[in-house]
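In the working numbering, the protein residues as written are 60 to 125.
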């Protein structure tokens, strides 16, 4: 379960970044609305990972860096 909860947001981040990279490589114009949506998706996925890791460390009585 832990593995899934960490990998899912990473897959989202990777997928969105790869899509943006492919568009740039092919010279496809991305409007600011699309870019904002993609960046929001990345921020939300990283926030989910951060929150999950925090909860995981808290439930184990650990602090970040331990």
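Ideal Cβ placement from N, Cα and C applies to all residues, glycine included.
Practice task
Since I believe residue 75 is in contact with residue 97 (beta carbons under 8 Å), could you give me their beta-carbon distance rounded to a whole number of angstroms?
Solution key: For the purposes of this step, residue 97 is identified with residue 38 of the chain shown, where counting begins at 1. For the purposes of this step, residue 75 is identified with residue 16 of the chain shown, where counting begins at 1. The beta carbons of residue 97 and residue 75 sit about 5 Å from each other, so the pair counts as a contact at 8 Å.
Exercise for the section: Could you please give the first and the last residue of the uninterrupted alpha helix (DSSP H) stretch that includes residue 106? Expected result: Here the question's residue 106 lines up with position 47 in the chain shown. Residue 106 -> alpha helix (DSSP H) spans 91-118.
Handout entry: Whole-angstrom distance between residue 80 and residue 86, CA atom to CA atom
Key = Within the chain shown, residue 86 is the residue found at index 27, counting from 1. Within the chain shown, residue 80 is the residue found at index 21, counting from 1. Those two C-alpha atoms are separated by around 10 Å.
Practice task
Tell me whether the beta-carbon of residue 65 lies closer than 8 Å to the beta-carbon of residue 111.
Solution key: For the purposes of this step, residue 65 is taken as residue 6 along the chain shown, with counting starting at 1. For the purposes of this step, residue 111 is taken as residue 52 along the chain shown, with counting starting at 1. Yes, they are a contact pair.
Problem - 8 Å Cβ cutoff met for residue 116 and residue 61 - result: If you number the chain shown from 1, residue 116 lands on position 57. If you number the chain shown from 1, residue 61 lands on position 2. No; because the gap between Cβ atoms is not below 8 Å, this pair is not in contact.
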